[in-house]
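My numbering applies: residue 487 is where the sequence shown begins, and numbers increase by one.
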Amino acid sequence: MSDSAVAMERTRPNINLTDHAVTLIIVCLVGLVMNTVGPAIPLADGFVGMVVIYLISMVGLILTRFAPFYLPSVAWISLVGIVATLPWTPGSEWIVAQAKSVNFLALATPALAYAGFAIAKKEIEVAKHSGWKLALVACLVFLGTYAGSVLVAELILRLQGS
487 MSDSAVAMER
497 TRPNINLTDH
507 AVTLIIVCLV
517 GLVMNTVGPA
527 IPLADGFVGM
537 VVIYLISMVG
547 LILTRFAPFY
557 LPSVAWISLV
567 GIVATLPWTP
577 GSEWIVAQAK
587 SVNFLALATP
597 ALAYAGFAIA
607 KKEIEVAKHS
617 GWKLALVACL
627 VFLGTYAGSV
637 LVAELILRLQ
647 GS
């Protein structure tokens, strides 16, 4: 094995598939509740769609762990999802139909909640030391993002009106 291959193997994260499987089940259950409550998609339809998404995610994680070369798990999961929904893949119509019964905005709820909980002590310390400078930059970023969105929306509305 070459030195670069050995270095790559050392940098490959050791993924615990059992932990990831359990975590994904919890996320899928929360997402299923959000999918049923928010957009009012029937529980049975959402459940099958969530199982399809779960299986795609697990196949991607298994590839991340055992593939002969390393790609991040998000890349493998995306590739599995893309290949599973290509028109010439057997069963792709069924997979797409099941995935359509999952409102992906409802899946953002548990992800954003986890991101909120994941703020570490280090980030809080950085915010304390940065003080008013951080607040000023945050306000300017929010203002710039809002102004940019307004300009794009106004431009599109004017183009559609003419």
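From the three backbone atoms N, C-alpha and C, an ideal C-beta is built for every residue, glycine too.
From what residue to what residue does the alpha helix (DSSP H) around residue i run?
{"i": "residue 618", "result": "618-647"}
{"i": "residue 533", "result": "529-552"}
{"i": "residue 524", "result": "Element bounds for residue 524: n/a, residue is neither H nor E."}
Only counting the same chain, and skipping five residues up and downstream in sequence, which positions put a Cβ closer than 7 Å to that of residue i?
{"i": "residue 572", "result": "578"}
{"i": "residue 663", "result": "Any property of residue 663 remains undetermined from this structure, which presents the chain solely from 487 to 648."}
{"i": "residue 620", "result": "613"}
{"i": "residue 570", "result": "542, 578 and 581"}
{"i": "residue 616", "result": "none"}
Please list, in chain order, all residues of the same chain as residue i whose beta carbon is under 8 Å from its beta carbon, the five residues on each side excluded.
{"i": "residue 493", "result": "Because the pLDDT at residue 493 is just 49, under 50, the model does not fix this residue reliably, and the value given afterwards should be weighed accordingly. Closer than 8 Å at Cβ, skipping near neighbours: no residue."}
{"i": "residue 497", "result": "556"}
{"i": "residue 559", "result": "501, 546, 547 and 550"}
Please return the same chain residues whose Cβ sits closer than 6 Å to the Cβ of residue i, not counting the five positions on each side in sequence.
{"i": "residue 520", "result": "592 and 595"}
{"i": "residue 549", "result": "562"}
{"i": "residue 584", "result": "534, 535 and 538"}
{"i": "residue 545", "result": "566"}
{"i": "residue 516", "result": "596"}
Under 8 Å by Cβ, that's how I've got residue i and residue j pegged, so tell me the actual separation to the nearest angstrom.
{"i": "residue 551", "j": "residue 503", "result": "6 Å"}
{"i": "residue 527", "j": "residue 589", "result": "6 Å"}
Item to check | Sequence ranges, alpha helix (DSSP H) only - wholly within the segment 564-609, length at least 4 | outcome: Here the runs fully enclosed are 578-586 and 590-603.
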